[in-house]
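Worksheet for the structure shown next.
Protein chains: 2
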Amino acid sequence: MKRERIGIGIDAGGTFTKLIAVSESGKVLGEDSVPTERERGPRPFIRRVAAAVHALERDTGRGGAAGLAVAGDVDSERGVLRRSPNLAPFEGYTLRKAMAAALERPVTMHNDANMAAWGCYALELKRRCPNVVAITMGTGIGGGLVLDGRLYAGPTGSAGEIGHMRVTGDGFPCACGARGCLEAHAGSYGIRRTVKQLLRERPHARSPLREPGAGRFPERASEAARRGDPLAREVWRRVGRALGVGVVNLVYLFNPDAVVFTGGVSRAGDLFLDPVRQALRAESFRAPFGHVRLRSARRRRLGSLGAALYSLEEGGQ
Amino acid sequence: MKRERIGIGIDAGGTFTKLIAVSESGKVLGEDSVPTERERGPRPFIRRVAAAVHALERDTGRGGAAGLAVAGDVDSERGVLRRSPNLAPFEGYTLRKAMAAALERPVTMHNDANMAAWGCYALELKRRCPNVVAITMGTGIGGGLVLDGRLYAGPTGSAGEIGHMRVTGDGFPCACGARGCLEAHAGSYGIRRTVKQLLRERPHARSPLREPGAGRFPERASEAARRGDPLAREVWRRVGRALGVGVVNLVYLFNPDAVVFTGGVSRAGDLFLDPVRQALRAESFRAPFGHVRLRSARRRRLGSLGAALYSLEEGGQ
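Residue numbers (our numbering), protein chains in the order written: chain A, 1 to 317; chain B, 1 to 317.
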């Protein structure tokens, strides 16, 4: 029996590494997860991942192309993780080459947000929009670009670092050392800071976000906002305004067919999308602003899904 | 004798339309200029331009591909000028098709900043940098993108509208109706406003920019700054800071090999480039910021030069 091609996406996180086996049409055929154990270094990690890939192939009865998605500053040309707070022990190691040797096949390796962008392009939007900007919303804000139907990563693999675009003159301090970065206002630590700021500004306002620890979680802020809490609604309006400036800039620069929000925090959906839409409506250049579609992604795991599909595209086998 | 191929660039401006004939290697073989006479509408314009193209071909003894560069919002897919304050009577007309019919050959048509970007890529940087952001500095600020060695114009031809990227929270009002756009701070009307602001802030400072009318011209501000006038130097520092925020954003988003400044105002060179370089040095992501090169273009007429060379690339003949 002919073994059909599948793509295997490997999403290397600080604690766990998730694997997903996907058919060329995007159907999920199998999943697995292995501990990353970063402190033991890259070699045992690669052995563990290779064993899991082979097990997935036995289970699905098909051989696969393989793609790595890694959070951090990835040199996709050389297949090296340049910098990654979550995977510091793997920095500088020729991760892609070692993985390709262990799996005996070419392996693609990209920043996880770039792979999420490919997932948005290939799955969420079914390849109908050749120009897609993906915004990944979690602790930080990441981004990935598909332009003219191709992943655009830039010469050092650093393109689409949307989170460090400046969205205001004298905004919150960012983890990168600058001020007013999109991430400092719309990443989960930015949202936490906005909650704190509002609680201080409105000392007499009652809000479930005033309970100890409640302001730490964006989910609590979206629950409270959905139940009508005015303070929580104002939190999301401010987050949406920061995102609005960012998306306006992205539309002027990339003229995308679609901007897709993905990642945990993006599930707040209309709470921040409404102010973003309002910002887009206010712009006078109608051609690009009338053209672009905004959505928050329906699927989860777009990073590993994208890595799986991208490996089928580019990885050969 | 075999007639070698040349490219003819046609830069349609509000008053004059400039033509340039260029060899495939970028050597200028001939030039001409015809009045645009926009108020008479597009048909006589096309006849006049076609006559000038034919004359250039007689002079150089070679047939040419032809490319149009037009300031404004260009639908390059359909070859229509969607909106252009300078060429309002041509809006909505199928300019490219009519020009192609008059010249009996395919014609490319793009926004002038996009063509300047192609000129920067193909001539200034000799095709050695596949990823180039061009910033055109004049009354407004325009932009064009070459990514992976290809012009990126976006689905509605609006990509690279760098001038309307927001660079500050509550900045100067922009011609587009928004506030804090790069153009409102670094276009020539933004520079004029900065001069006015500084003259107000420093009522006792002597400066040649205080002479009636002197603040209207960016050239006067650069002359004064070169002669050491502190107020004029501060003007360019502020312009450079606004550009610095813009270029930082561009590097995060596009990870370009080079950012090239072109257009009249860019001749101020280091007066604004130094603060931009300073802004880039302050960023903590070293891979993209260590990689990018900044320069102000040596050649003039990069819009028409770029249109000529681009027509050889894409226009066929």
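Cβ coordinates follow ideal geometry from the N, Cα and C atoms, glycine included. This one's a predicted model, so the numbers in the text were calculated from it and none came from an experiment.
Residues of chain A with a CB under 9 Å from the CB of residue i: which are they?
{"i": "residue 31/B", "result": "Correct list: empty, because the minimum Cβ distance to chain A is about 32 Å."}
{"i": "residue 258/B", "result": "Within 9 Å Cβ-Cβ: nothing; residue 258/B doesn't reach chain A, min ~10 Å."}
Apart from the five residues just before and just after residue i, which ones in its own chain have a Cβ nearer than 7 Å to its Cβ?
{"i": "residue 120/B", "result": "132, 134, 260, 262, 297 and 302"}
{"i": "residue 231/A", "result": "198, 202, 205, 207 and 209"}
{"i": "residue 167/A", "result": "180, 182, 185, 242, 245 and 246"}
{"i": "residue 249/A", "result": "165"}
{"i": "residue 30/A", "result": "21, 56, 59 and 60"}
{"i": "residue 159/B", "result": "145, 152 and 153"}
Under a Cβ-count criterion, where at least 16 other Cβ atoms within 10 Å of its own Cβ denotes burial, should residue i be classed as buried or exposed?
{"i": "residue 102/B", "result": "buried"}
{"i": "residue 1/A", "result": "Reliability of the predicted coordinates at residue 1/A is poor, the pLDDT of 49 falling under 50, and the value obtained from them is presented with this limitation in mind. The residue in question, residue 1/A, is exposed, as its Cβ has fewer than 16 Cβ neighbours within 10 Å."}
{"i": "residue 143/B", "result": "buried"}
{"i": "residue 16/A", "result": "exposed"}
{"i": "residue 38/B", "result": "buried"}
{"i": "residue 126/B", "result": "exposed"}
{"i": "residue 218/A", "result": "buried"}
{"i": "residue 161/A", "result": "buried"}
{"i": "residue 257/A", "result": "buried"}
{"i": "residue 112/B", "result": "buried"}
{"i": "residue 54/B", "result": "exposed"}
{"i": "residue 282/A", "result": "exposed"}
{"i": "residue 246/B", "result": "buried"}
{"i": "residue 275/A", "result": "buried"}
{"i": "residue 190/A", "result": "buried"}
{"i": "residue 238/A", "result": "buried"}
{"i": "residue 104/A", "result": "exposed"}
{"i": "residue 57/A", "result": "buried"}
{"i": "residue 40/B", "result": "exposed"}
{"i": "residue 227/A", "result": "exposed"}
CB-CB under 6 Å to residue i, same chain, minus the five flanking residues each way: which ones, in chain order?
{"i": "residue 316/A", "result": "With a pLDDT of 49 at residue 316/A, under the threshold of 50, the modelled position of this residue cannot be trusted, and the question is left open."}
{"i": "residue 306/A", "result": "115, 116, 118 and 119"}
{"i": "residue 311/A", "result": "7, 65, 66, 67 and 108"}
{"i": "residue 12/A", "result": "70"}
{"i": "residue 164/B", "result": "176 and 181"}
{"i": "residue 264/A", "result": "138"}
{"i": "residue 129/B", "result": "257 and 258"}
{"i": "residue 75/A", "result": "82 and 157"}
{"i": "residue 148/B", "result": "130"}
{"i": "residue 46/B", "result": "98, 99 and 102"}
{"i": "residue 48/B", "result": "34"}
{"i": "residue 240/A", "result": "272, 275 and 276"}
Return the residue from the list the options that minimises the CA-CA distance to residue i.
{"i": "residue 88/B", "options": "98/B, 72/B and 267/B", "result": "72/B"}
{"i": "residue 26/B", "options": "5/B, 44/B and 16/B", "result": "5/B"}
{"i": "residue 209/A", "options": "187/A, 20/A and 233/A", "result": "233/A"}
{"i": "residue 179/A", "options": "170/A, 92/A and 157/A", "result": "170/A"}
{"i": "residue 19/B", "options": "50/B, 228/B, 239/B and 41/B", "result": "50/B"}
{"i": "residue 215/A", "options": "292/A, 235/A, 227/A and 226/A", "result": "235/A"}
{"i": "residue 273/B", "options": "159/B, 199/B, 174/B and 243/B", "result": "243/B"}
{"i": "residue 35/A", "options": "167/A, 124/A, 10/A and 59/A", "result": "10/A"}
{"i": "residue 300/B", "options": "294/B, 123/B and 14/B", "result": "123/B"}
{"i": "residue 52/A", "options": "251/A, 32/A, 63/A and 61/A", "result": "32/A"}
{"i": "residue 145/B", "options": "173/B, 110/B, 174/B and 172/B", "result": "110/B"}
{"i": "residue 314/A", "options": "221/A, 77/A, 290/A and 226/A", "result": "77/A"}
{"i": "residue 277/B", "options": "294/B, 44/B, 267/B and 308/B", "result": "294/B"}
{"i": "residue 342/A", "options": "140/A, 223/A and 254/A", "result": "Limits of chain A in this structure are 1 at one end and 317 at the other, which puts residue 342/A out of reach."}
{"i": "residue 319/A", "options": "14/A, 267/A and 44/A", "result": "Nothing about residue 319/A can be read from this structure; chain A reaches only from 1 to 317."}
{"i": "residue 224/B", "options": "271/B, 253/B and 266/B", "result": "271/B"}
{"i": "residue 268/B", "options": "40/B, 62/B and 136/B", "result": "136/B"}
{"i": "residue 255/B", "options": "229/B, 290/B, 266/B and 222/B", "result": "290/B"}
Closer than 7 Å by beta-carbon distance: list the chain A residues that pair up with residue i, in chain order.
{"i": "residue 254/B", "result": "154 and 159"}
{"i": "residue 131/B", "result": "154 and 155"}
{"i": "residue 262/B", "result": "Within chain A, no residue comes near residue 262/B; the closest Cβ sits about 18 Å away, beyond 7 Å."}
{"i": "residue 165/B", "result": "249, 252 and 253"}
{"i": "residue 327/B", "result": "The shown model of chain B, from 1 to 317, leaves out residue 327/B, and the question about it has no answer."}
What does residue i touch in chain A if you count any residue whose Cβ is under 8 Å from its own?
{"i": "residue 148/B", "result": "150 and 152"}
{"i": "residue 319/B", "result": "Residue 319/B lies beyond the range of chain B shown here (1 to 317); nothing can be said about it."}
{"i": "residue 245/B", "result": "166"}
Identify the contact partners of residue i in chain B, using a Cβ-Cβ distance below 7 Å as the criterion.
{"i": "residue 168/A", "result": "169"}
Which chain B residues are close to residue i, counting only those with a beta carbon under 8 Å from its beta carbon?
{"i": "residue 162/A", "result": "252 and 253"}
{"i": "residue 82/A", "result": "287"}
Given residue i, which residues of its chain have a CB within under 8 Å of its CB, disregarding the five upstream and five downstream residues?
{"i": "residue 42/B", "result": "89, 90, 93, 95 and 98"}
- Is the number of C-beta pairs between the segment 186 to 197 of chain B and the segment 278 to 288 of chain A that are closer than 8 Å three or more? no
- Query: So does the segment 198 to 208 of chain B actually touch the segment 152 to 163 of chain B, counting three or more Cβ pairs closer than 8 Å?
  - Reply: no
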